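Heads up: the sequence shown at position 43 corresponds to 33 in the numbering used here, and the numbers run straight through without jumps.
For each residue, glycine too, the CB sits at the ideal point set by N, CA and C.
None of these values were measured; they are calculated from a predicted model.
Accompanying notes for the structure given below.
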Amino acid sequence: MLAAAMMPDGADIQNHPVSDLVTPRNPRSRYTFVNFLHEQGRLSKYLNLPVDRPLRKEYARYIQWVAETVPADVDYGRNVTAIRFAGSGAEVRTTDGGSYLGRPVVVAPGRSPYLPTVFDGVPFPRAVHTSRFLPGIADWTGTGPARWRPWAPARAPSR
């Protein structure tokens, strides 16, 4: 979620509204920013705002809505201390002593390509920044090399 300190009144997200969580991959998804506005009864009002980009507070509500709506096994509010590749997946350890096993998906979007040191030596596409995600999507959907397909892409933060 977006930190409150990063959401002054009137601040936008500096991205096109269609560059949301799903539209570039599936414009017909229920989880688009436009559908969020529609389901919240705010689409007409939003379309008449004198802004080119979504306001951060509105976008934070969108992200929260998706998080609450997506049928996924997600555990929020955990601080990760380590990520270790284990067999065909990964083990994630948290500050509260938790340990999670699963397919490695790390989401922390950013504009400038940067992968944390935990991913040093992890070959593409096991670790990839969002700036390289869409050009390589075919490789994760089954048309690329078979050795890539079991892995979900990891998205890492910008510096």
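- Judged by DSSP secondary structure, F109 falls outside any alpha helix (DSSP H); it is assigned neither H nor E.
- With 16 or more other CB atoms across the displayed protein chains lying within 10 angstroms of its CB, L11 is buried.
- Inter-segment contact for the stretch 17 to 30 and the stretch 44 to 58 is present: three or more beta-carbon pairs are separated by less than 8 Å.
- Linking G111 to T71 through their CA atoms gives a straight-line distance of about 19 Å.
- In this structure, DSSP gives R74 an extended state, which the three-state scheme calls strand.
- Leaving aside the five residues that flank V108 on each side, the residues in its chain whose CB is nearer than 7 Å to its CB run, in chain order, I73.
- Distance from the CA of L91 to the CA of R15, rounded to the nearest whole angstrom, comes to 26 Å.
- Rounded to whole angstroms, the Cβ separation of T59 and N69 is 25 Å, and the two are not in contact under 8 Å.
- Here Y36 has L27 as same chain residues with Cβ atoms under 7 Å from its own Cβ, once five neighbours each way along the sequence are excluded.
- Ranking F75, V56, E48 by CA distance to the CA of R32 puts E48 first.
- Residue environment for P40: exposed (fewer than 16 other C-beta atoms within 10 angstroms of its C-beta).
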